[in-house]
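Student:
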Amino acid sequence: MKRIAVIAYGLCTVAGGVLGATGTRPDSSAAEVAAYDAAHQGLVQLLALVVFGAGLSLAAWTAAERPPSLGFAGGLLASGSLVLSGLATWTAAQNPDFARPFTSLAFAAGAFGFAVPLTLLVAAVAARTRRWVAITGYVIAALSALSAFSVLTDVLYPLIPVARFGGLIWLVLATFVKRDDYPDPAPPPPSTDGLRPTV
486 MKRIAVIAYG LCTVAGGVLG ATGTRPDSSA AEVAAYDAAH QGLVQLLALV
536 VFGAGLSLAA WTAAERPPSL GFAGGLLASG SLVLSGLATW TAAQNPDFAR
586 PFTSLAFAAG AFGFAVPLTL LVAAVAARTR RWVAITGYVI AALSALSAFS
636 VLTDVLYPLI PVARFGGLIW LVLATFVKRD DYPDPAPPPP STDGLRPTV
């Protein structure tokens, strides 16, 4: 179940990145957003669907992974943010008057609204993975946390795709490369020097 969920999440995330690549940007004017959504309504609705699907897939993965409570909360918040982003994207395509505000909501929910809670999920799960996977996870979690400050400056916007796609790659690693699959070497047995043999 967990592997199916992470594959579905990956497909939806990549599809969302491709579909949204030609769309508007956070600094686009209301007229530009309305014109784009009107001219590409079907594309925007498909984008809404895959983002919505990504949120549900991440929720399924979180439930199957059963991370510690803080990580579980982060996973649900991150997946809920994606679901909200998908619903806001769909709403923006329905009426030109809704385009600008709901597109902004979709961006906020799917960007730092998603990346920051993802920090909790990745950090919690990282402790249960191989050392190199854990270190990579902590780096991604730290960058995701820094993306919270992108609400203050667009200079930090590049951290958002790092969290989105870097987080995706890391979740795949965490799913397929677990400590239980590749256990660390067992510690050496305790020394028996100086002990008398029992008879």
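Residue numbers (our numbering): 486 to 684.
Note that the Cβ used here is the ideal one computed from N, Cα and C, for glycine as well.
#1: Going by other Cβ atoms of all chains shown within 10 Å of its Cβ, with 16 needed for buried, is Asp512 buried or exposed?
#2: Kindly indicate if chain D contains any beta-carbon less than 9 Å away from that of Gly652.
#3: Okay, do the region 647-659 and the region 619-629 touch, 3+ Cβ pairs below 8 Å being the bar?
#4: Can you name the start and end residues of the alpha helix (DSSP H) that Arg510 belongs to?
#5: Considering Cα atoms alone, identify which of Cys497, Leu496, Tyr521 and Pro646 is closest to Thr507.
#6: In whole angstroms, what is the alpha-carbon distance linking Pro552 and Ala612?
#7: Is the separation between the beta-carbon of Gly598 and that of Ser629 shorter than 9 Å?
#8: So the candidates are Thr576, Leu644, Ala609 and Ala493; which of them puts its Cα closest to the Cα of Gln530?
#9: So, do the region 583-602 and the region 556-565 have three or more beta carbon pairs nearer to each other than 8 Å?
#10: Helix, strand or coil for Leu637 per DSSP?
#11: State the Cα-Cα distance for the pair Ser632 and Asp639, rounded to the nearest angstrom.
#12: Could you give the distance in angstroms between the alpha-carbon of Asn580 and the alpha-carbon of Leu637?
#13: Measuring alpha carbon to alpha carbon, tell me which of Arg649, Ser554 and Ala523 ends up nearest Ala596.
#14: Can you give me the Cβ contacts of Ala609 inside the same chain, cut-off strictly under 6 Å, excluding the 5 residues immediately before and after it?
Tutor: In terms of the structure at hand:
#1: On the sequence shown, residue 512 is found 27 positions in, with the first residue counted as 1. By the 10 Å Cβ count, Asp512 comes out exposed.
#2: In the structure shown, chain D cannot be found, because there is only a single protein chain.
#3: yes
#4: Here residue 510 corresponds to residue number 25 of the sequence shown, with the count starting at 1. Note, Arg510: premise wrong, no alpha helix (DSSP H); not H, not E.
#5: One-based indexing of the sequence shown puts residue 507 at position 22. Comparing Cα positions, the closest option is Tyr521.
#6: On the sequence shown, position 67 is the one that residue 552 refers to. On the sequence shown, position 127 is the one that residue 612 refers to. Taking the straight line from one Cα to the other gives about 10 Å.
#7: Mapped onto the sequence shown, residue 598 falls at position 113. Mapped onto the sequence shown, residue 629 falls at position 144. Not closer than 9 Å, so no.
#8: Taking the sequence shown and counting its residues from 1, one reaches residue 530 at position 45. Among Thr576, Leu644, Ala609 and Ala493, the Cα nearest to that of Gln530 belongs to Thr576.
#9: yes
#10: If you number the sequence shown from 1, residue 637 lands on position 152. In the structure shown, Leu637 sits in coil (DSSP, three-state: anything other than H, G, I, E or B).
#11: In the sequence shown, residue 632 corresponds to position 147, counting from 1. In the sequence shown, residue 639 corresponds to position 154, counting from 1. Rounded to whole angstroms, Ser632 to Asp639 spans 10 Å at the Cα level.
#12: Counting from one through the sequence shown, the residue named residue 580 turns up at place 95. Counting from one through the sequence shown, the residue named residue 637 turns up at place 152. Rounded to the nearest angstrom, the two C-alpha atoms are 29 Å apart.
#13: Translated into the one-based positions of the sequence shown, residue 596 becomes position 111. When each option's Cα is compared against that of Ala596, the closest is Arg649.
#14: Indexing the sequence shown from 1 puts residue 609 at position 124. For Ala609, where only same-chain residues beyond five positions count, the Cβ hits under 6 Å are Pro552, Pro553, Leu555 and Gly556.
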